[in-house]
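> Before I ask anything, here is the structure I am working with.
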Amino acid sequence: MNMKALISAIEAIDDVEVFGRVKSVQGLLIEIVGPVRELRVGGRVVIEATDGHHLGAEIIGFRDGHALCLPFGELGGVRLGCKAVFRRHDGSVNPSEGWLGRVVNAKGEPIDGLGPLPMGATSYPLRQSPLAAHDRDRVGEPIELGVRCLNTFATMCEGQRMGIFAGSGVGKSVLMSMLARNTDVDVSVIGLIGERGREVHEFIQEYLGEEGLARAVVVVATSDEAALMRRQAAFISMSIAEYFRDSGRRVLCMMDSLTRFAMAQREIGLAIGEPPTAKGYPPTVFTELPRLLERAGPGKPNSGSITGLFTVLVEGDDHNEPIADAVRGILDGHIVMERGIAERGRYPAVNVLRSISRTMPGCVPEEIRPTLSRARELMSIFSDMEELIRLGAYRKGSDPNVDRAIAIFPKLEAFLGQQRDETTTIAEGYAMLAGLIAEADARA
Numbered sequence: 001m002n003m004k005a006l007i008s009a010i011e012a013i014d015d016v017e018v019f020g021r022v023k024s025v026q027g028l029l030i031e032i033v034g035p036v037r038e039l040r041v042g043g044r045v046v047i048e049a050t051d052g053h054h055l056g057a058e059i060i061g062f063r064d065g066h067a068l069c070l071p072f073g074e075l076g077g078v079r080l081g082c083k084a085v086f087r088r089h090d091g092s093v094n095p096s097e098g099w100l101g102r103v104v105n106a107k108g109e110p111i112d113g114l115g116p117l118p119m120g121a122t123s124y125p126l127r128q129s130p131l132a133a134h135d136r137d138r139v140g141e142p143i144e145l146g147v148r149c150l151n152t153f154a155t156m157c158e159g160q161r162m163g164i165f166a167g168s169g170v171g172k173s174v175l176m177s178m179l180a181r182n183t184d185v186d187v188s189v190i191g192l193i194g195e196r197g198r199e200v201h202e203f204i205q206e207y208l209g210e211e212g213l214a215r216a217v218v219v220v221a222t223s224d225e226a227a228l229m230r231r232q233a234a235f236i237s238m239s240i241a242e243y244f245r246d247s248g249r250r251v252l253c254m255m256d257s258l259t260r261f262a263m264a265q266r267e268i269g270l271a272i273g274e275p276p277t278a279k280g281y282p283p284t285v286f287t288e289l290p291r292l293l294e295r296a297g298p299g300k301p302n303s304g305s306i307t308g309l310f311t312v313l314v315e316g317d318d319h320n321e322p323i324a325d326a327v328r329g330i331l332d333g334h335i336v337m338e339r340g341i342a343e344r345g346r347y348p349a350v351n352v353l354r355s356i357s358r359t360m361p362g363c364v365p366e367e368i369r370p371t372l373s374r375a376r377e378l379m380s381i382f383s384d385m386e387e388l389i390r391l392g393a394y395r396k397g398s399d400p401n402v403d404r405a406i407a408i409f410p411k412l413e414a415f416l417g418q419q420r421d422e423t424t425t426i427a428e429g430y431a432m433l434a435g436l437i438a439e440a441d442a443r444a
């Protein structure tokens, strides 16, 4: 630890102990009586449980002169009268270059068994405010994702924020691993929020691999952890990404998933008595989502950027449920994965007709735009006529465009599909697509 980091750590030590006592415990909500005038929302509390362990908690509100807290862990051992020590400092993290290749929890503690993490000199608040709009640079050049269907039909730019909307079991985790390994960035920060423990290990060891992990920091909060931990995993992921952005890096911040972040915030909001609104989500969910997502994006001029890829789990394949609808309005585009495509064996199961990148019109070369428009037109024609074609109700020769769409469809499907270990550049994808469209239009 260097001198600046040491001084920062010393300044974080509380010189005066302010404490209270547990007054009541109801569900997950802990009510603490004490000198609440010294406290603020977001402050940290350490409760000394009767079994000897110390339980961390966060102040989420006040009621009748008492502090309302939610725990970061299990409530076992907490009883009335337990001492609760209030910490002066809110949550923060001190990332450094030594965090690359490591796996941490929502508190920034290592969970990979590789020893302690080196602390950086600068402290980053977990609840950092986004950069002001007028301080941001514009989005950068097109960014190589390595995934053919996205590079060609949903081209992303450096500093853009995109959502991946998918139901369960359509190959979302595999697509995430392909993007984490193949995207042309300096650093990846991957937040696994509310995932199953088995899937976390599988994602890191099998999908991400040593090469992908070497340039990444992985933040994990599994589904069995407290709501505060799951929510904080998203905040700390963004804080780590901001550290690397401020050091001039091109950062990819991936979160899987925003839906589980929203569910964690729903638990917190309902615990303190917020009214449930759309599908049981309280108002703070729709306040916290833009605060989190706006932290990604271009940095200040001549600094780094945070390109964001955030997954949204759509319940029952309903792409218009409240969280999906809210996120779609915040981000700069969306990638839609569909069960029907996965069921016919094409992966990634991306519906390119329903996917859109809002920065694409400004970053696609003029000469390729007619090819993209023609490809979309032929896919749309086939989609509209598919049922009639499958039933045998369409007669070949009735419409030349439909005939072309039928002829090219298998080749377009093969083009859009991709093996997990395969990678394709933007230029290669455009060239392959141009060849397919030229061949289709050459048919009389």
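In UniProt numbering, the protein residues as written are 1 to 444. For every residue, glycine included, the Cβ atom is placed at its ideal position computed from N, Cα and C. This one's a predicted model, so the numbers in the text were calculated from it and none came from an experiment.
What three-state label does DSSP hand C69 in the structure shown?
Counted from its first residue, the sequence shown places residue 69 at position 69. Of the three classes helix, strand and coil, the one that applies to C69 here is strand, per DSSP.
> If I'm right that V78 touches I47 with Cβ under 8 Å, what's the distance once you round it to whole angstroms?
As a working mapping, residue 78 is identified with position 78 in the sequence shown. As a working mapping, residue 47 is identified with position 47 in the sequence shown. At roughly 6 Å, the Cβ-Cβ gap stays under 8 Å, so V78 and I47 are in contact.
> For E439, count the other beta carbons within 10 Å of its own beta carbon; 16 or more makes it buried, fewer makes it exposed. Which is it?
If you number the sequence shown from 1, residue 439 lands on position 439. E439 should be labelled exposed.
> In three-state terms, what does DSSP make of P370?
Looking up residue 370 in the sequence shown gives position 370. In the structure shown, P370 sits in a helix (DSSP, three-state: H, G or I).
> Going along the chain, which residues of its own chain have a beta-carbon closer than 6 Å to the beta-carbon of D441, five neighbours each way excluded?
Reading the sequence shown from its first residue, position 441 is the one you call residue 441. Correct list: empty, nothing qualifies.
> Decide yes or no for the touch test of the region 106-125 against the region 58-69: beta carbon pairs closer than 8 Å, at least 3 of them.
Contact fails: fewer than three Cβ-Cβ distances are below 8 Å.
> Please determine, among K23, G171, A326, Y394, the residue with the shortest C-alpha to C-alpha distance to G81.
Residue 81 sits at position 81 when you count from the first residue of the sequence shown. The shortest Cα separation from G81 among K23, G171, A326, Y394 belongs to K23.
> Is there a Cβ of chain C sitting closer than 8 Å to that of A296, yes or no?
The chain labelled as chain C is not found in the depicted structure, where only one protein chain is given.
> Go ahead and pull the three-state DSSP assignment for G20.
Taking the sequence shown and counting its residues from 1, one reaches residue 20 at position 20. Of the three classes helix, strand and coil, the one that applies to G20 here is strand, per DSSP.
> Taking the alpha carbon of L433 as the reference point, which residue from F165, C149, R40, H89 has its own alpha carbon closest?
Along the sequence shown, one-based indexing puts residue 433 at 433. Among F165, C149, R40, H89, the Cα nearest to that of L433 is on C149.
> Could you round the C-beta distance between E174 and R420 to whole angstroms and report it? I think they count as a contact, below 8 Å.
On the sequence shown, position 174 is the one that residue 174 refers to. On the sequence shown, position 420 is the one that residue 420 refers to. In the sequence as presented, Glu is not what sits at residue 174; that position holds Val. That belief holds up - the Cβ atoms of V174 and R420 are roughly 6 Å apart, short of 8 Å.
> What is the C-beta distance between V217 and I240, in whole angstroms, given that I count them as a contact (C-beta under 8 Å)?
Working through the sequence shown from its first residue, we reach residue 217 at position 217. Working through the sequence shown from its first residue, we reach residue 240 at position 240. With a Cβ gap of about 5 Å, V217 and I240 count as contacting.
> Please identify the residue among I341, R136, L372, R181 whose C-alpha is closest to the C-alpha of T423.
The residue you call residue 423 lines up with position 423 of the sequence shown. The candidate whose alpha carbon is nearest that of T423 is R181.
> Just to confirm before moving on: does the CB-CB distance between F153 and L372 stay below 8 Å?
Indexing the sequence shown from 1 puts residue 153 at position 153. Indexing the sequence shown from 1 puts residue 372 at position 372. Cβ atoms of F153 and L372: closer than 8 Å.
> Which term fits residue 483, buried or exposed, when burial requires 16 or more other beta carbons within 10 angstroms of its beta carbon?
Because residue 483 is not part of the residues shown, which for the chain are 1 to 444, the question remains open.
> Relative to the C-alpha of P27, which residue among E38, V45, A226 is closest?
Here residue 27 corresponds to residue number 27 of the sequence shown, with the count starting at 1. Looking at the sequence provided, one finds Gly at residue 27 rather than Pro. With distances taken between Cα atoms, G27 lies closest to A226.
> I need the DSSP call for Y394, collapsed to helix, strand or coil.
Within the sequence shown, residue 394 is the residue found at index 394, counting from 1. Correct three-state label for Y394: coil.
> As an exercise, report each continuous alpha helix (DSSP H) stretch of at least 4 residues that is fully enclosed by the region 285-333, in chain order.
The qualifying runs are 322-330.
> Look up G194 in the DSSP assignment and say whether it is helix, strand or coil.
Locating residue 194 in the sequence shown gives position 194, where the first residue counts as 1. Three-state result, G194: strand.
> For A342 and V350, I'd like the C-alpha separation in whole angstroms.
One-based indexing of the sequence shown puts residue 342 at position 342. One-based indexing of the sequence shown puts residue 350 at position 350. Answer to the nearest angstrom: the Cα atoms are 9 Å apart.
> Taking contact to mean at least 3 C-beta pairs separated by less than 8 Å, is the region 331-348 in contact with the region 266-277?
The region 331-348 is not in contact with the region 266-277.
> Does the beta-carbon of P283 have 16 or more other beta-carbons within 10 angstroms, so that it is buried, or is it exposed?
Residue 283 sits at position 283 when you count from the first residue of the sequence shown. Exposed, by the Cβ-count rule.
> Straight-line CA distance for V45 to R138?
As a first step, residue 45 must be located in the sequence shown, where it is residue number 45. As a first step, residue 138 must be located in the sequence shown, where it is residue number 138. Each residue's Cα considered, the two are about 40 Å apart.
> Less than 8 Å between the CB atoms is what I'm expecting for S188 and L293, so what's the real figure, rounded?
Taking the first residue of the sequence shown as 1, we reach residue 188 at position 188. Taking the first residue of the sequence shown as 1, we reach residue 293 at position 293. About 18 Å separates the two Cβ atoms, so there is no contact after all.
> Kindly indicate which residue of E141, M229, R127, R102 has the alpha-carbon position closest to the one of G209.
The residue given as residue 209 occupies position 209 in the sequence shown. Comparing Cα-Cα distances from G209 to each of E141, M229, R127, R102, the minimum goes to R102.
> Mark V41 as exposed unless 16 or more other C-beta atoms lie within 10 angstroms of its C-beta, in which case mark it buried.
Counting from one through the sequence shown, the residue named residue 41 turns up at place 41. It is exposed - the Cβ of V41 has fewer than 16 other Cβ atoms within 10 Å.
> Check for me: the beta strand (DSSP E) holding D112 runs from which residue to which?
Sequence index remark: in the sequence shown, residue 112 carries index 112 (1-based). No beta strand (DSSP E) contains D112, which DSSP labels as neither H nor E.
> Measuring only the C-alpha atoms, how far is R260 from A84?
Position 260 of the sequence shown, counted from the start, is the residue given in the question as residue 260. Position 84 of the sequence shown, counted from the start, is the residue given in the question as residue 84. Between R260 and A84, the C-alpha separation is close to 29 Å.
> Using the beta-carbon count (16 or more within 10 Å), is R231 buried or exposed?
Along the sequence shown, read from residue 1 onward, the residue named residue 231 stands at position 231. Buried, since its Cβ has 16 or more Cβ neighbours within 10 Å.
> Taking the Cβ atom as the reference point for each residue, do P361 and G159 lie within a distance shorter than 8 Å?
Translated into positions along the sequence shown, residue 361 becomes position 361. Translated into positions along the sequence shown, residue 159 becomes position 159. It is not a contact, given that the beta carbons lie outside the stated cut-off.
> Residues bridged to C253 by DSSP?
As a working note, residue 253 is residue 253 in the sequence shown. BP columns for C253 point to V189, G308.
> I believe A49 touches G20 by the beta-carbon criterion, under 8 Å. Please report the beta-carbon distance rounded to the nearest angstrom.
Counted from its first residue, the sequence shown places residue 49 at position 49. Counted from its first residue, the sequence shown places residue 20 at position 20. Not a contact, Cβ separation roughly 15 Å.
> Among the residues of its own chain, which have a CB less than 7 Å from the CB of K396, if the five just before and after it don't count?
Along the sequence shown, read from residue 1 onward, the residue named residue 396 stands at position 396. Answer for K396: D403, listed in chain order.
> Thinking M255 and A234 are a contact (beta carbons under 8 Å), I'd like their distance in whole angstroms, please.
For this step, residue 255 is matched to residue 255 along the sequence shown. For this step, residue 234 is matched to residue 234 along the sequence shown. About 6 Å; that satisfies the 8 Å criterion.
> When we look at the beta-carbon of S177 and count the other beta-carbons within 10 Å, is it buried (16 or more) or exposed?
Indexing the sequence shown from 1 puts residue 177 at position 177. Buried: at least 16 other Cβ atoms inside 10 Å.
> Go through its chain and collect everything with a Cβ distance to L331's Cβ below 8 Å, but skip five positions before and after it.
In the sequence shown, counting from the first residue as 1, residue 331 sits at position 331. Hits under 8 Å: R161, M162, G163, L293, G308, F310.
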